Structure formats: structure tokens, C-alpha cells
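Participant:
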Amino acid sequence: MCERNEIFKAKLAEQAERYGDVIDVFRKLITEGLLFDVEERNLLSTAYKHEVSVRRSSLQVLISINKNEARKNSGGDKLIEAISDLKKITAKEIQTFCLEIISLLDNFLLPSAIDLESSVFYLRMKGDHWRYIAEISNSYFKRNAIEQSIVAYKCASEIAILELPPYHPTRLGVALNFSVLLYEILNSPHRACRMCSAAFYEAIHEIDTISHLFYKDSTLILQLMNDNLMLWLADIIEKVPDKKS
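Printed below as a string of C-alpha cells:
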């Protein structure tokens, strides 16, 4: 009963957009060994994603400001130094959140996953957060993060393909996020398009049989996949050199 009260607090915190409080609740419950249903897993994922995404956006703003100031060369060393310091702080916060949830996934959530869908969901989360670390890392740390992300996504994909229907939102989410890694981190637009389009059209082929339980989430992910494909294909076409006769 006490654990359910904590879940209620987490849901209330989400409504108030206090995602740090949501994380505080789940951190405690995870280490106590509580198992979570689909709604609770989504809440956990949303909380960490929000905290990381806010900082990823902040980092992009700082990078843009830094480029502008460097181009103008008018801000002086102090401004550039201040921007650099804030970038480091923000990147460190991203890394801290990511490594924390990865640790919770490895030590608690994955070993105690109640079914294969849960395993796929948690493996996708692991791949996502290693991908976020790869975005902000350099040299060895970047390569390691990429390798860890690929391993997690591949494991999730293998289980999902065997155990979940093509239109299942958890399976689609893995394909979507794995393809984002290929495009954004590995700079492999062709591989990203192949992976994303294969999952997209396989799901579309069976869309008539989709359960009403999955329809909303699945169609939302399919739209994101379609948007990405249009963007990535346009990028590929744009980079093809003109052949003049």
C-alpha cells in the first residue's frame, strides 16, 4: 500500500511537471525491487527523458551562442569562458542522469523484468541514454557509448522481432530510436532509412489488425518514423552530386 502511495505521488508530480520529484520516487522504488506496469514504466521513461531533453536543448543553445560569439569575436575571452563553463556543467548533468538510469536498468530493472515486453522497453531506454551520452562525448568515451547503445538496441530489436507484432509501439519505438542513432550519431543515413522504412512498412502492412490498446501510441510513432524518412531521404538526395552530360 505504501508503494502504491509513492506511485500516486509520482503521478501527481508529473502533472505538476516536477520531473525531478518523479525520479526521486522511482529511484527509491526501483532499489526496493518494485515491479512496474506499462503506465508506470512510461512515467519513469518520461521523467528521465524530460530531465535529459531539457539539458540537451540547453546545450544546443549554448553551442549556438558560442559559435556566434566566436564568429563575431566581440564577446571577449570572459564571455567565451563563461559559455564553455556552462556547457561543461550542462553536459555533466546529462551524463549524470544518463548513467544513473543505466545503472538502475542494469542492476534492477532488466534483471527483474516481468515479461519480454518489459525487457525490450528497458533495453530501448538503455540504448537511448547511451546515445545521449554519445552526443556529448569525444574520442574513447564516444566510441564506448556508441558501442553500448548499439548492443542495447540490437538486443531489444532481436527480442521485439521474435516476440512482439510489427505494429506494437514498443517494437516500433526501438526501430525509430535505433535508426536515429544511425542517422545522427553514426552519420549513416542510408542504413537509418533502411531500418526505419523496413519497420514502418511492416507495421503498415498489418495496421488493420492492430489492437485498440496500441492504436494511439503506434500511429504516433509511425508518424514520427514517416517524418524522419522524408527528412532523411531529402538529405540523401540533396547530397547526390549532379551528373552533367
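UniProt numbering applies: residue 1 is where the sequence shown begins, and numbers increase by one. Every residue gets a Cβ at the ideal spot worked out from N, C-alpha and C, and that includes glycine. Please read these numbers as outputs of a predicted model, since none were measured by experiment.
Are Val174 and Ser157 closer than 8 angstroms when you measure CB to CB?
Facilitator: For Val174 and Ser157, yes; Cβs fall inside 8 angstroms.
Participant: Select from Ile236, Ile210, Tyr19 and Leu224 the residue whose C-alpha is nearest the C-alpha of Arg191.
Facilitator: Looking at the Cα atoms, Ile236 is the closest of the given residues.
Participant: According to the Cβ coordinates, are Ile83 and Leu62 closer than 8 angstroms?
Facilitator: Contact: yes.
Participant: Could you tell me whether the Cβ of Arg171 comes closer than 8 angstroms to any Cβ of chain B?
Facilitator: No chain B appears in the structure shown, which is made up of a single protein chain.
Participant: Quick one: measure Cβ to Cβ for Pro166 and Glu206, integer angstroms, because I've assumed they're closer than 8 angstroms.
Facilitator: That pair is a contact at about 5 angstroms.
Participant: Closer than 6 angstroms by C-beta to Tyr19: which residues in its own chain qualify, once you throw out the five before and the five after it? Chain order, please.
Facilitator: Contacts found: Ala47, His50 and Glu51.
Participant: Which of the three DSSP states is assigned to Asp77 in this structure?
Facilitator: Here Asp77 sits in helix by DSSP.
Participant: Just confirm the distance between the C-beta atoms of Ile146 and Leu186, as a whole number of angstroms; I'd bet it's less than 8 angstroms.
Facilitator: Rounded, the Cβ-Cβ distance is 7 angstroms, consistent with contact.
Participant: Closest to residue 261 by C-alpha separation, out of Asp227, Ser53, Asp217 and Asn5, would be which residue?
Facilitator: Outside the shown range of the chain, which is 1 to 245, sits residue 261, and nothing can be said about it.
Participant: Are there 16 or more other CB atoms within 10 angstroms of the CB of Leu162, so buried, or fewer, so exposed?
Facilitator: The residue is exposed, with fewer than 16 neighbouring Cβ atoms inside 10 Å.
Participant: Counting only the same chain and skipping the five closest in sequence on each side, list residues whose C-beta sits under 7 angstroms from that of Asn226.
Facilitator: Cβ neighbours of Asn226 beyond the five flanking positions: Phe200.
Participant: Select from Ile80, Met195, Leu116 and Asn177 the residue whose C-alpha is nearest the C-alpha of Trp130.
Facilitator: Selected option, being the one with the closest Cα: Asn177.
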